[in-house]
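Per numbering that gives the first Met the number 0, the sequence shown starts with residue 0, numbered consecutively. Here the structure is laid out as structure tokens; the discussion comes afterwards.
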Amino acid sequence: MKKQSTKNKKRTYHKPILVTSECLTGANVRYNGELLNYDWIKTFRKHIRILKVCPEMEIGLGVPRPPIWSISSPFGHRLIQPDTGKDITPKMSSFSKKFLSKHSTVDGFLLKSRSPSCGLDKVKLYAGADRAPVIGYTVGQFTRKVLETYPELPVSDERILSKRVNREQFLTTLFVTASFRSMTEDNSRQSLESFHDQYAMLIESLNVNRGKKMAKLLKSVSSSTLPKTVYLEYKSHLSQLLSRKHRLPARLLVLNKIIDSHSKVFSTAQKRELKFLLADYENGTSLFADISKTVSSIFNSHNLLTESISTFLSPFPLELLEK
Ligand code: SF4
Numbered sequence: 000m001k002k003q004s005t006k007n008k009k010r011t012y013h014k015p016i017l018v019t020s021e022c023l024t025g026a027n028v029r030y031n032g033e034l035l036n037y038d039w040i041k042t043f044r045k046h047i048r049i050l051k052v053c054p055e056m057e058i059g060l061g062v063p064r065p066p067i068w069s070i071s072s073p074f075g076h077r078l079i080q081p082d083t084g085k086d087i088t089p090k091m092s093s094f095s096k097k098f099l100s101k102h103s104t105v106d107g108f109l110l111k112s113r114s115p116s117c118g119l120d121k122v123k124l125y126a127g128a129d130r131a132p133v134i135g136y137t138v139g140q141f142t143r144k145v146l147e148t149y150p151e152l153p154v155s156d157e158r159i160l161s162k163r164v165n166r167e168q169f170l171t172t173l174f175v176t177a178s179f180r181s182m183t184e185d186n187s188r189q190s191l192e193s194f195h196d197q198y199a200m201l202i203e204s205l206n207v208n209r210g211k212k213m214a215k216l217l218k219s220v221s222s223s224t225l226p227k228t229v230y231l232e233y234k235s236h237l238s239q240l241l242s243r244k245h246r247l248p249a250r251l252l253v254l255n256k257i258i259d260s261h262s263k264v265f266s267t268a269q270k271r272e273l274k275f276l277l278a279d280y281e282n283g284t285s286l287f288a289d290i291s292k293t294v295s296s297i298f299n300s301h302n303l304l305t306e307s308i309s310t311f312l313s314p315f316p317l318e319l320l321e322k
């Protein structure tokens with residue numbers, strides 16, 4: 000494994016590609032002409048490549064337009080425009096398929112909640128198109144295709160991500176996914192080793208045992224070219240790690256290990272400040288990013304910020320959580 004440098008290099012991030020429902024970016028594409036405004040999505044642009052898409056505009060529906068409904072029918076869920084009687088299911092299905100096959104290099108999806116096209120869940124499902132009652136909830140038609148095509152990628156909506164704690168986990172997953180994609184595209188063992196070295200602490204904080212399996216898998220490769228089976232197995236481990244809710248105690252365990260092994264660099268006042276921050280984090284009143292900023296700046300001032308520690312503390316640019 001490569002030796003980690005202890006020089007404080009300026010951290011660079013692989014820019015993720017995030018497919019985003021266009022209306023969330025403030026564009027005039029909503030059925031009723033409403034303009035949405037999310038400051039935190041605007042800040043994403045600095046570090047994330049936003050790939051905008053409005054499936055309803057793409058299939059030729061204009062603004063304003065009569066609303067569409069998701070309805071239950073003997074032929075499965077259909078997308079219907081009750082005012083015009085149009086069934087737009089085939090058009091939406093064909094657009095979704097084409098769009099997703101054209102944009103196969105993406106790292107995640109940020110979609111509009113509750114929309115019959117883009118909703119992730121809680122999309123009203125009607126019994127029929129004619130003043131029928133709501134009989135349950137479903138997923139938007141475009142999003143259903145997203146989930147089928149990319150089961151391993153992070154997918155969320157603006158309602159979930161309006162909570163900073165959820166955004167912190169989503170951004171971690173998004174940036175790790177982008178980094179893995181970029182760092183391993185040459186298919187060499189060395190690249191995967193570099194990725195593993197850089198993310199070792201973060202992986203350990205997500206699941207120690209799986210992290211060990213991933214390391215063992217890497218050691219089993221003797222050739223410089225990475226066998227496809229190993230790459231896929233490693234990738235599958237990684238996506239399973241990232242798809243789980245990040246466990247707070249495991250993260251703290253790794254953090255405490257880092258702090259303990261460098262305890263001499265912390266002044267008494269800094270130790271007290273950290274104790275408060277850790278307690279707030281455990282109580283759910285602060286984010287991991289709040290601790291990261293403090294620890295990173297102390298390590299930085301002592302020239303101790305290795306790539307692995309820096310990646311664990313800031314897996315994504317922390318300014319993305321500021322709004
Ligand atoms: S929810 Fe989706 S289909 Fe509806 S306006 Fe937004 S981007 Fe377009």
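Virtual Cβ for every residue (Gly too), placed ideally from N, Cα, C.
- Task: Check whether the Cβ of proline 54 sits closer than 7 Å to any heavy atom of the ligand SF4, and report yes or no.
- Result: Flag set: Cβ of proline 54 near the ligand SF4.
- Message: Could you check if serine 20 belongs to the surroundings of the ligand SF4, using beta carbon to heavy atom distance under 7 Å?
- Response: Yes, the Cβ of serine 20 comes within 7 Å of a heavy atom of the ligand SF4.
- Where DSSP assigns a beta bridge to aspartate 156, which residues make up the other side? According to DSSP, which records beta bridges pairwise, aspartate 156 is partnered with Leu110.
- In three-state DSSP terms, what is aspartate 86? In the structure shown, aspartate 86 sits in a strand (DSSP, three-state: E or B).
- Within this structure, are the beta carbons of serine 296 and leucine 312 separated by less than 8 Å? Note that the C-beta distance between serine 296 and leucine 312 is not below 8 Å.
- Please state whether DSSP places lysine 212 in a helix, a strand or coil. If DSSP states are grouped into helix, strand and coil, lysine 212 belongs with the helices.
- Message: How far does the beta strand (DSSP E) with leucine 252 in it extend, from its first residue to its last?
- Response: For leucine 252, there is no enclosing beta strand (DSSP E); the residue is found in the alpha helix (DSSP H) stretching over 247–260.
- First and last residue of the uninterrupted alpha helix (DSSP H) at isoleucine 308: First-last of the alpha helix (DSSP H) with isoleucine 308: 306–312.
- Task: Can you tell me which of the three DSSP states isoleucine 40 falls into?
- Result: DSSP, reduced to helix, strand and coil, places isoleucine 40 within a helical segment of the structure shown.
- In angstroms, rounded to a whole number, what distance separates the CA positions of leucine 110 and isoleucine 49? Rounded to whole angstroms, leucine 110 to isoleucine 49 spans 12 Å at the Cα level.
- Query: By DSSP, does tyrosine 230 sit in helix, in strand, or in coil?
  - Reply: Tyrosine 230 falls in the helix class under three-state DSSP.
- For arginine 166, verify whether its CB is less than 7 Å away from any heavy atom of the ligand SF4. Because no heavy atom of the ligand SF4 lies under 7 Å away, the Cβ of arginine 166 does not count as near it: no.
- Query: Nearest to phenylalanine 108 by alpha carbon, out of Thr19, Asp279 and Thr267?
  - Reply: Nearest of Thr19, Asp279 and Thr267 to phenylalanine 108, Cα basis: Thr19.
- May I ask you to check if the CB of lysine 90 is nearer than 7 Å to at least one heavy atom of the ligand SF4? No, Cβ of lysine 90 sits at least 7 Å from all heavy atoms of the ligand SF4.
- Message: Quick check on lysine 144: buried or exposed, where buried means 16 or more other Cβ atoms within 10 Å of its Cβ?
- Response: When all chains shown are included, lysine 144 counts as buried.
- Item | Rounded straight-line distance, which links the Cα of methionine 200 to that of lysine 2 | Legend: pLDDT at lysine 2 = 43, less than 50; position of this residue unreliable, no value from coordinates given.
- Closest by CA to threonine 148, which one among Tyr280, Ser161, Pro132 and His102? Nearest option by C-alpha distance: His102.
- Query: So, are the CB atoms of isoleucine 47 and threonine 24 less than 8 Å apart?
  - Reply: With respect to the 8 Å criterion, isoleucine 47 and threonine 24 are not classified as neighbours on the basis of their beta carbons.
- Using 7 Å as the cut-off, classify the Cβ of valine 28 as near or not near the heavy atoms of the ligand ADP, replying yes or no. The ligand ADP is absent from the structure shown, which contains only the ligand SF4.
- Task: Could you tell me the distance, in whole angstroms, from the CA atom of proline 15 to the CA atom of phenylalanine 174?
- Result: When rounded, the separation of the alpha-carbon atoms in proline 15 and phenylalanine 174 is 6 Å.
- Task: Would you kindly report the start and end of the unbroken alpha helix (DSSP H) that includes leucine 146?
- Result: Note, leucine 146: alpha helix (DSSP H), 140–148.
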